[in-house]
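> The following block contains the structure, expressed as structure tokens.
In the working numbering, the protein residues as written are 39 to 190.
As structure tokens, this is what we get:
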């Protein structure tokens, strides 16, 4: 049986507290076997991870910011499942938004941070479809990622 805490420990990762919504929305919605988790902005133990890819941030920094978004998604997934990952089926889709210069072309490389994390943690069940686009993001954050998961 899958144990999230053991997997995180093996990867030397710590699940953050699931961030509270910053506005008038809820962190996740379940309908049938689908769990939609609201966009998670890049942050770590030091606060928001801000920057503009291609201007003030390198791809590698954006990759790490996207991975942090992925950890926040998993924190909400954990809450939604009340810690019972026997109810987890798979990651279906990630949609990622990168705060970037207009001529920036490496959005997929940045979003690989969240995608790679899902596969590292969930293996085959972490493979998903994805959207990676450039956008102006709230609070100047570098990355935002939302997720769609199949649950039972």
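Where is the CB? At the ideal position from N, CA and C, for every residue including glycine.
Enumerated in chain order, which unbroken segments of the alpha helix (DSSP H) with a length of 4 residues or greater are wholly contained in the segment 90 to 173?
Segments of the alpha helix (DSSP H) lying fully in the segment 90 to 173: 97 to 118, 145 to 160.
> Quick check: what's the CA-CA separation for residue 157 versus residue 55?
Taking the first residue of the chain shown as position 1, residue 157 is located at position 119. Taking the first residue of the chain shown as position 1, residue 55 is located at position 17. Residue 157 and residue 55: Cα-Cα distance of roughly 21 Å.
> Check whether the segment 109 to 117 touches the segment 41 to 60, counting contact only when three or more Cβ pairs, one atom from each stretch, lie closer than 8 Å.
Yes, the segment 109 to 117 is in contact with the segment 41 to 60.
> Considering only their Cβ atoms, is the gap separating residue 108 from residue 153 smaller than 9 Å?
Mapped onto the chain shown, residue 153 falls at position 115. Mapped onto the chain shown, residue 108 falls at position 70. The answer is yes: Cβ separation under 9 Å.
> Determine the DSSP secondary structure at residue 11, reduced to helix, strand or coil.
This structure gives no information on residue 11, because the portion of the chain shown stretches from 39 to 190.
> Taking buried to mean at least 16 other C-beta atoms within 10 Å of its own C-beta, is residue 170 buried or exposed?
Walking along the chain shown from the start, residue 170 turns up at place 132. Residue 170 comes out buried.
> Along the chain, where does the alpha helix (DSSP H) that runs through residue 47 open and close?
For the purposes of this step, residue 47 is taken as residue 9 along the chain shown, with counting starting at 1. Residue 47 -> alpha helix (DSSP H) spans 42 to 48.
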